Amino acid sequence: MTTAAFDVSSIARTRAQGRVRQVSVAGGLTIGVVVVFALSLVVGAAVISLPDVLSTLAGQGSRNTNYVILELRLPRALAALMVGIAFGLAGAVFQNLLHNPLASPDVIGISTGASAAAVLGIVGFGLTGIAISGLALGGALATAMAMYAIAWRNGVSGYRLILVGIGLSALLLSVISYFMTSAQVTNAQDALIWISGSLSGRNWNQVVPLLISLVVLVPITLVLGRVLGMLGLGDDTARGLGVPVAKVRLGLIVAAVALAGVATAATGPIAFVALLAGPIGRSLAKDGSPALLPSALVGALIVLVADFAAQHTPFLPNLPVGVLTGAIGAPYLLWQLARTNSGGQGG
Numbered sequence: 027m028t029t030a031a032f033d034v035s036s037i038a039r040t041r042a043q044g045r046v047r048q049v050s051v052a053g054g055l056t057i058g059v060v061v062v063f064a065l066s067l068v069v070g071a072a073v074i075s076l077p078d079v080l081s082t083l084a085g086q087g088s089r090n091t092n093y094v095i096l097e098l099r100l101p102r103a104l105a106a107l108m109v110g111i112a113f114g115l116a117g118a119v120f121q122n123l124l125h126n127p128l129a130s131p132d133v134i135g136i137s138t139g140a141s142a143a144a145v146l147g148i149v150g151f152g153l154t155g156i157a158i159s160g161l162a163l164g165g166a167l168a169t170a171m172a173m174y175a176i177a178w179r180n181g182v183s184g185y186r187l188i189l190v191g192i193g194l195s196a197l198l199l200s201v202i203s204y205f206m207t208s209a210q211v212t213n214a215q216d217a218l219i220w221i222s223g224s225l226s227g228r229n230w231n232q233v234v235p236l237l238i239s240l241v242v243l244v245p246i247t248l249v250l251g252r253v254l255g256m257l258g259l260g261d262d263t264a265r266g267l268g269v270p271v272a273k274v275r276l277g278l279i280v281a282a283v284a285l286a287g288v289a290t291a292a293t294g295p296i297a298f299v300a301l302l303a304g305p306i307g308r309s310l311a312k313d314g315s316p317a318l319l320p321s322a323l324v325g326a327l328i329v330l331v332a333d334f335a336a337q338h339t340p341f342l343p344n345l346p347v348g349v350l351t352g353a354i355g356a357p358y359l360l361w362q363l364a365r366t367n368s369g370g371q372g373g
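If you count the sequence shown from 1, you need to add 26 to reach my numbering.
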């Protein structure tokens with residue numbers, strides 16, 4: 027066998043092993059998501075057996091199980107599932123696109139922009155429901171456009187975009203603080219619950235728009251994300267391989283911002299899910315790929331587990347899910363900052 031033939035065979039074998047590992051990782055994560063999702067429907071103030079849950083989902087439940095499952099538990103569990111997928115996928119796209127593990131929507135200001143718009147609607151105009159969701163999505167998109175415009179210098183570098191995003195995030199946090207301190211107590215309390223990231227009270231009014239959005243955005247993101255590996259080789263190399271770099275990069279940014287925006291609009295900014303999901307997904311895949319699908323499933327699993335723990339952990343109040351994810355994600359962020367600076371990459 028010639029050296030060239032051996033190299034081709036070796037590459038093909040490595041790729042096949044990578045695909046097998048990705049399928050096995052995705053399968054394992056999917057099983058975990060299904061198990062926790064089922065537990066979310068079964069366990070509660072009243073435990074409902076799995077056969078009763080399944081019969082209710084099939085339209086053969088009693089009046090009591092129909093109300094508990096279809097009106098209370100199922101919308102909340104679906105919201106947790108889809109919000110986790112959206113945040114996990116958005117975070118993985120940003121981190122791969124900007125080549126930085128700190129590049130996630132909650133660090134670079136996208137979620138903060140959504141929160142600022144929502145708080146303005148709650149405390150400034152007394153808005154609720156779908157109006158708040160629309161404002162949050164608009165705030166995320168407006169923040170992303172401002173960030174991209176400020177960072178643009180014949181192109182956008184990863185560190186410049188991150189630094190601009192952190193600066194905008196600080197500015198928007200001051201806006202949130204101003205509105206919170208000047209608001210009436212009841213409005214401030216509503217806004218505080220929302221910006222903590224909560225799945226409590228989620229219903230079909232939030233679930234249906236979120237589902238429609240993800241049906242459109244997830245396939246687009248996964249298709250565009252197939253060239254993330256080529257973009258990682260550098261713009262010139264990617265262009266040489268036939269990738270329209272500027273268009274693909276802009277499309278991925280828009281898709282990731284939209285994913286983070288619709289997720290934040292549905293439940294508020296659930297902290298650090300986007301930051302954690304990507305590194306965990308890539309470490310599980312172990313093949314150097316962007317690992318978008320594993321990251322999305324990791325995000326779903328994080329939110330489902332955190333929400334289940336927030337509802338059912340003894341001796342704790344029914345905490346917003348964002349409090350638990352924040353408690354997990356903040357130490358990781360500090361560790362990642364220390365690790366980046368110790369490696370001489372602190373900028």
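Just so you know, even glycine gets a beta-carbon here, dropped at the ideal spot from N, CA and C. Bear in mind the structure is a predicted one, so any value in this text is a computation, not a measurement.
- Distances from the alpha-carbon of Ile158 to those of Ala272, Ala217, Ser81 and Ser66 put Ala217 closest.
- Rounded to whole angstroms, Tyr174 and Gln210 show a C-alpha spacing of 35 angstroms.
- Under the Cβ criterion (8 angstroms, minimum of three pairs), the region 112-131 does not count as touching the region 146-155.
- In chain order, Pro295, Ala297, Phe298, Ala300 and Leu301 place their CB closer than 7 angstroms to the CB of Asp132, counting only its own chain and leaving out the 5 sequence neighbours on each side.
- No Cβ-Cβ contact shorter than 7 angstroms links Leu198 with Leu248.
- The Cβ atoms of Gly165 and Ala140 sit closer than 7 angstroms to each other.
- For Arg102, the enclosing alpha helix (DSSP H) has its first and last residue at Leu100 to Leu124.
- Secondary structure note for Gly152: it is in no alpha helix (DSSP H), with a DSSP letter that is neither H nor E.
- For Ile238, the number of other beta carbons within 10 angstroms of its own is below 16, and it is reported as exposed.
- A distance below 6 angstroms between beta-carbons, with the five flanking residues on each side excluded, links Leu345 to the following residues of its chain, in chain order: Ala336.
- Spanning the alpha carbons of Leu100 and Leu327 requires a straight line of approximately 16 angstroms.
- Secondary structure in the region 248-300: the alpha helix (DSSP H) runs of 4 residues or longer, each lying completely within the stretch, are 254-257, 261-266 and 271-293 in chain order.
- The shortest CA-to-CA distance from Leu243 to any of Val69, Val190, Gly85 and Ile111 is the one to Ile111.
- The residue from Ala106, Gly152, Ala118 and Ala170 with its alpha-carbon nearest to that of Ser137 is Ala170.
- Gly355 sits in a helix when the DSSP states are folded into three classes.
- The beta carbon of Ile95 sits closer than 8 angstroms to those of Leu67, Ile74, Val79, Thr82, Leu83 and Gly87, all from its chain and outside the five residues before and after it, given in chain order.
- Within its own chain, the residues whose Cβ lies closer than 8 angstroms to the Cβ of Leu250, once the five positions on either side in sequence are excluded, are Val274, Gly277, Leu278 and Ala281, listed in chain order.
- Ala356 sits exposed, since fewer than 16 C-beta atoms from the chains shown fall within 10 Å of its C-beta.
- For the pair Leu163 and Gly193, the Cα-to-Cα distance works out to about 20 angstroms.
- Under the DSSP assignment, Phe334 falls in the alpha helix (DSSP H) whose first and last residues are Leu318 to His338.
- Counting along the chain, no alpha helix (DSSP H) covers Gln86, and no H or E run does either.
- For Ile134, there is no enclosing alpha helix (DSSP H), since its DSSP letter is neither H nor E.
- For Ala129, the closest alpha carbon among the candidates Arg186, Gly152, Ala142 and Trp178 is that of Arg186.
- The C-beta distance from Ala106 to Asp333 rounds to 5 angstroms, short enough to meet the 8 angstroms contact threshold.
- Looking only at Gly191, Ala214, Asn229 and Asn92, the smallest Cα-Cα distance to Ala144 is reached by Ala214.
- Pro316 sits buried, since 16 or more C-beta atoms from the chains shown fall within 10 Å of its C-beta.
- Annotation for Ser222: the continuous alpha helix (DSSP H) segment containing it runs Val211 to Ser222.
- Contact annotation: Thr293 and Leu240 have beta-carbon atoms that are not nearer than 7 angstroms.
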